[in-house]
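Participant: Residue numbers (the working numbering): 39 to 281.
From the three backbone atoms N, C-alpha and C, an ideal C-beta is built for every residue, glycine too.
Being a predicted model, the structure only gives us computed values, none of them experimental.
1. Taking the straight line between their C-alpha atoms, what separation do you get for residue 182 and residue 127?
2. Taking contact to mean 3 or more Cβ pairs, one atom from each stretch, closer than 8 Å, check whether the region 41-54 and the region 88-108 are in contact.
3. Between residue 245 and the rest of its own chain, which residues show a CB-CB distance below 8 Å, the 5 nearest in sequence each way excluded?
4. Opposite residue 52 in the DSSP bridges: which residues?
5. DSSP puts residue 131 in a beta bridge; with which residues?
6. Using 8 Å as the Cβ pair cut-off and three pairs as the minimum, do the region 184-195 and the region 147-166 touch?
7. Using the three-state DSSP reduction, which class does residue 59 fall into: helix, strand or coil?
8. Out of curiosity, what's the CA-to-CA distance linking residue 280 and residue 41?
9. Using only alpha-carbon positions, find the residue among 67, 99, 93 and 39 that is nearest to residue 222.
10. Can you give me the Cβ contacts of residue 190 inside the same chain, cut-off strictly under 7 Å, excluding the 5 residues immediately before and after it?
11. What does a CB cutoff of less than 7 Å around residue 236 pick up in its chain, not counting 5 residues either side in sequence?
12. What does the Cβ neighbour count give for residue 158, buried or exposed, with the cut at 16 atoms within 10 Å?
13. Residues in its own chain within less than 7 Å of residue 200 by CB, not counting five upstream and five downstream?
14. Could you give the DSSP three-state label for residue 257: helix, strand or coil?
15. What's the gap between the Cα of residue 54 and the Cα of residue 192?
16. Helix, strand or coil, according to DSSP, for residue 268 in the structure here?
17. Looking only at its own chain, which residues have a Cβ that is under 8 Å from the Cβ of residue 140, when we skip the five neighbours before and after it?
18. From what residue to what residue does the alpha helix (DSSP H) around residue 171 run?
19. Curious, which full-length alpha helix (DSSP H) runs of at least 4 residues does the region 197-261 contain?
20. Apart from the five residues on each side of it in sequence, which residues of its chain come closer than 6 Å, Cβ to Cβ, to residue 52?
21. Using three-state DSSP, classify residue 88 as helix, strand or coil.
22. Ignore the nearest five residues each way along the sequence and tell me which others in residue 81's own chain have a CB closer than 6 Å to its CB.
23. Please state if the CB of residue 250 and the CB of residue 112 are separated by a distance shorter than 8 Å.
And the structure:
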């Protein structure tokens with residue numbers, strides 16, 4: 039199965055193409071530009087690296103949250119457009135699942151933690167097993183970090199951009215009983231999103247494009263207008279060379 043995956047849930051954006059277990063191409067960027075300005079070019083670059091056209095995919099995957107409200111809508115709108123244009127299934131992947139899955143073979147419990155601002159974090163808790171599949175012990179939630187520390191029991195590995203903000207609090211709370219992922223692993227990789235997306239599609243858990251929605255966990259402060267206009271984009275027209 040060949041799948042194209044997108045993550046725009048945080049400051050770092052990522053696009054990847056996976057064919058079964060083989061990574062064909064992946065682009066990750068961290069920049070001041072918004073995802074609306076750089077996502078299309080990242081998709082084009084990834085397609086060109088893999089020498090593939092959009093209609094050659096068996097499905098698509100995208101992170102649906104939690105994360106940046108605007109970023110999620112941009113990524114989801116883009117993938118919905120691709121899926122609708124090609125009539126292919128879509129997998130919506132939890133951002134926290136994608137962070138945790140990178141560590142599914144290690145011995146500690148895994149706690150992905152994303153800075154939700156306003157004194158909160160998006161988080162969940164996972165336990166790994168020998169089948170390389172993390173079991174979710176606590177569902178995705180938005181919570182004050184001090185309250186979250188009272189709910190978990192180390193040893194535990196923390197991963198995500200929230201570690202940069204609350205790392206000292208975590209160390210003060212648990213001391214030597216916690217571990218932290220390397221900083222370059224704190225951003226979601228689209229290749230991991232693709233891996234989880236393939237699993238969903240094969241298990242019949244995919245959705246059609248119309249049914250794909252963001253999972254904000256908490257209510258957005260304002261209603262965010264979709265930032266991708268496909269009527270203007272060459273991505274879904276026959277004029278584009280790689281369609």
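Facilitator: Quick look at the numbers:
1. 36 Å
2. yes
3. 127, 128, 129 and 130
4. 45 and 66
5. 101
6. yes
7. coil
8. The predicted position of residue 280 is uncertain, since its pLDDT is 39 and thus under 50; a value taken from the coordinates is nonetheless stated next. C-alpha separation (whole angstroms): 16 Å.
9. 67
10. 149 and 163
11. 39, 41 and 56
12. buried
13. Cβ within range, chain order: 151, 152, 153 and 159.
14. Looking at residue 257 - three-state DSSP - the assignment turns out to be coil, as it is neither helix nor strand.
15. 33 Å
16. Reliability fails at residue 268, whose pLDDT of 41 lies under 50, so the model's placement of it is uncertain and the value that follows must be treated cautiously. In the structure shown, residue 268 sits in coil (DSSP, three-state: anything other than H, G, I, E or B).
17. 197, 219, 223, 227 and 230
18. Careful: residue 171 lies outside any alpha helix (DSSP H) and carries neither H nor E.
19. 200-212 and 228-240
20. Excluding residues up to 5 positions away in sequence, 45, 66, 227 and 228 lie with their Cβ nearer than 6 Å to the Cβ of residue 52 in the same chain.
21. helix
22. 53
23. no
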